[in-house]
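Residue numbers (our numbering): -4 to 115. Cβ atoms here follow ideal geometry from the backbone N, Cα and C, with glycine treated the same way. Fair warning: this is a prediction, and the values are worked out from it, not measured in the lab.
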């Protein structure tokens, strides 16, 4: 029961759903009309919430290659998936493509020391 979050996050099904959701959102945004984009830019200038969430999304997308590289080194996959690093700069689609293609973690336990929950 304790490993279900890791199994859920490691699942290729979860990665595929994330990729499909990203494609759907990007398709929806690109097919919206000029009026919708003009309204967004109007709210971007007038609403602090929309302004801040847009900047937050941009910053998190800019940091995605760092986290992809960090995960690649943890999985010892540096030499094989190097082409995914520049691709991870594409917001939402790059990291979700990496999640879909990355190898699974080894079966070795993460921590050898007993935890507080194990002792109770």
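Beta carbon of residue i nearer than 8 angstroms to that of residue j
i	j	result
residue 99	residue 5	yes
residue 79	residue 96	yes
residue 27	residue 60	no
residue 49	residue 58	no
Where residue i falls: helix, strand or coil (DSSP)
i	result
residue 87	coil
residue 94	helix
residue 74	coil
residue 53	helix
Cα-Cα separation between residue i and residue j, rounded to whole angstroms
i	j	result
residue 56	residue 74	23 angstroms
residue 14	residue 41	32 angstroms
residue 137	residue 11	Nothing can be reported for residue 137: it is not among the residues displayed for the chain, which extend from -4 to 115.
residue -3	residue 3	11 angstroms
residue 30	residue 63	36 angstroms
residue 9	residue 43	33 angstroms
Member of the options whose CA lies at the smallest distance from the CA of residue i
i	options	result
residue 66	9, 33 and 93	93
Exercise. Say whether the segment 77 to 89 touches the segment 5 to 25, bearing in mind that this needs 3 or more beta-carbon pairs closer than 8 angstroms, one atom from each stretch.
Key: yes
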